[in-house]
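Participant:
Numbering (the numbering used here), first residue to last: 211 to 804.
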């Protein structure tokens, strides 16, 4: 990345990846932890490099250094003036500055941007035509009720709530509920061990990506946790969002009473419908959970919630009396008028302390293992949205088209329920979005439009609809020949070429000249400045540095041409690299004044 906004040269740092940070958005490797230097906590990368690139030894992009400024005046952020915002012809302290983030200790994996890049490469655009009932404007500040820990995750919920970990543990998850969050919210996690900051387990300020409300976790995986007393403090927009959470790591594992892994089902006429975390409507919801190391006489409790609020009369306090230390137990929630669609939660307590919790969604009609929430998905070719209603669906179309429409029915979905829409082409995701439901509870024709500036590329397109990572509907259509004529996602293996062009007399870099790599199908003598003859090109910076944006393929005989006003041109044929070549390959080129 670039250490400054001006004409500073490219900054090249070697970093290590000591571990990973897990989040619901990307699983166990949502973030790569990075460290500069040999010590895992040594050094840092400044916020100005946010948005740069991190490459492995083969020259492949693997991640993006990422941070976010908190406020324009925050002490940990830098604010630089880079443009004339008051139109007085000067760039100085009277102009508005651009806030920069603080130090960076994480990379966002490059794969997280893959759908966006693939959509852009094909110029595909997905638009939901169906009008919603209106999005709620968030005016209240973000709210985090509290923090708690788990050692493992199941369906984005804690398997069991813990207060300590044994020595040698390699995973720890901090959980919290949240409300009133937006994509502009900046969150940060500060971790200390025995009162000393631990950057390896902390998360530098980044933008929020989890929606307005829900349950979130930030987890440390792939690294042994040192023994000691840990303190986790979560910051939202630069302010502590809740009281710090503390946990001790060390010693041997002790058998403690515990509840874990609740799973849910709808019970009707003594028959279970569904099993997991997405259920159809009904009158009784049951939860089966596992218990360990329990003793008779131990106080325990269950509390049921609906859309974030405790249900009246749904708090049950009792004394454990199964006669067994380990096993499985079932509890239930019942409503004679039917459980309404929405988001539910069960919290389980042992001796007054939270032992386990899990969320589940009720939506759609009960129907076997999965509820019927989305149905009758079909694709339609039409010239306008008005023509789509009533048209029969098709699963193939041999002629290329400008627009493709998808329609589906839905039933019993409560407002605010999170759902996911994914589009694929040739089994490659190009659109992936999780959003709250903001339409009527049931309907017949949710309409989605897929377009491209010219014509949609040939390919097999698939629409996938899901809730809580459970795929509920999937349908596909073949356009044209049913596959992309040329796979734009493939990327040739090879060597990254970098270098510097220097004046042979002054030994200074030569700026603003073009380095041309000619295709292996042509020589320098064949070159006529035609676009199809150019493999790649680059322009030198003020110090004469350049970098070719495409890797040179192994054993391909390229030609190179460098010409600049006032200098003798340099040309060469047969420029080749192979598997043994350094990667990146650095080349110093001297030009003689004419």
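Just so it is clear, CB atoms sit at the ideal spot from N, CA and C, and this is done for glycine as well.
Does the contact criterion of 3 or more C-beta pairs under 8 Å hold for the region 323 to 335 versus the region 346 to 366?
Facilitator: No, the region 323 to 335 does not touch the region 346 to 366.
Participant: Suppose only complete runs of 3+ residues qualify. What are the beta strand (DSSP E) ranges in the region 717 to 747, listed by chain order?
Facilitator: The region 717 to 747 contains these whole beta strand (DSSP E) runs: 724 to 728.
Participant: Could you tell me the distance, in whole angstroms, from the CA atom of residue 638 to the CA atom of residue 334?
Facilitator: One C-alpha to the other measures close to 13 Å.
Participant: From the DSSP output, which residues share a beta bridge with residue 619?
Facilitator: Residue 619 is bridged to 585.
Participant: Can you tell which of 546, 645, 398, 673 has its C-alpha closest to the C-alpha of residue 422?
Facilitator: Nearest C-alpha to residue 422: 645.
Participant: For the candidate residues 606, 527, 256, 660, whose alpha-carbon lies nearest to that of residue 332?
Facilitator: Per the Cα distances, 660.
Participant: Measure the CB-CB distance between residue 330 and residue 273 and report whether it falls below 7 Å.
Facilitator: Not in contact: residue 330 and residue 273 (Cβ atoms no closer than 7 Å).
Participant: Where does residue 331 sit, in a helix, a strand or coil, going by DSSP?
Facilitator: Of the three classes helix, strand and coil, the one that applies to residue 331 here is helix, per DSSP.
Participant: With residue 741 and residue 748 assumed to form a contact (beta carbons below 8 Å), what rounded beta-carbon distance in angstroms separates them?
Facilitator: With a Cβ gap of about 16 Å, residue 741 and residue 748 do not count as contacting.
Participant: My output table needs one value for residue 326: the three-state DSSP class, helix, strand or coil.
Facilitator: In the structure shown, residue 326 sits in a helix (DSSP, three-state: H, G or I).
Participant: Using a Cβ-Cβ cutoff of less than 6 Å, which residues in the same chain neighbour residue 411 once the five nearest sequence positions on both sides are dropped?
Facilitator: Hits under 6 Å: 401, 430.
Participant: Does the Cβ of residue 804 have 16 or more other Cβ atoms within 10 Å, making it buried, or fewer, making it exposed?
Facilitator: With fewer than 16 Cβ atoms within 10 Å of its Cβ, residue 804 is classed as exposed.
Participant: Spatial neighbours of residue 376 within its chain, please: C-beta separation below 7 Å, excluding the five flanking residues on both sides.
Facilitator: Counting only Cβ-Cβ distances below 7 Å, and skipping sequence neighbours, we find 461, 462, 463.
Participant: For the region 616 to 684, list the beta strand (DSSP E) runs that are entirely contained and at least 3 residues long, ordered along the chain.
Facilitator: 628 to 635, 638 to 646, 653 to 661, 669 to 677, all fully within the region 616 to 684.
Participant: Nearest CA to the CA of residue 668: which residue from 634, 576, 650?
Facilitator: The shortest Cα separation from residue 668 among 634, 576, 650 belongs to 634.
Participant: Just the C-alpha distance for residue 303 and residue 788, rounded to the nearest angstrom, thanks.
Facilitator: Those two C-alpha atoms are separated by around 52 Å.
Participant: Beta carbon of residue 383, beta carbon of residue 354: below 7 Å?
Facilitator: No, these two residues do not count as a Cβ contact at 7 Å.
Participant: For residue 680, I'd like the list of residues in its chain whose CB is within less than 8 Å of its CB, leaving aside the five on either flank, ordered along the chain.
Facilitator: So the list reads 486, 487, 488, 580, once near-sequence residues are dropped.
Participant: Could you tell me the distance, in whole angstroms, from the CA atom of residue 612 to the CA atom of residue 683?
Facilitator: Whole-angstrom Cα-Cα distance: 25 Å.
Participant: In chain order, what residues of the same chain have a beta carbon less than 6 Å from the beta carbon of residue 356, not counting five sequence neighbours either side?
Facilitator: Taken in chain order, the residues that qualify are 452.
Participant: Shorter than 7 Å from the beta carbon of residue 471 to some beta carbon of chain B?
Facilitator: In the structure shown, chain B does not exist; there is a single protein chain.
Participant: Nearest to residue 496 by alpha carbon, out of 509, 801, 539, 508?
Facilitator: The shortest Cα separation from residue 496 among 509, 801, 539, 508 belongs to 539.
Participant: Grab the span of the beta strand (DSSP E) containing residue 778 for me, first residue to last.
Facilitator: No beta strand (DSSP E) holds residue 778; DSSP gives it neither H nor E.
Participant: For a test of the three-state rule: what should DSSP assign to residue 275, helix, strand or coil?
Facilitator: Residue 275: strand per DSSP, three-state reduction.
Participant: If you follow the beta strand (DSSP E) that residue 207 is in, where does it begin and where does it stop?
Facilitator: The question about residue 207 has no answer, for the chain in this structure spans 211 to 804.
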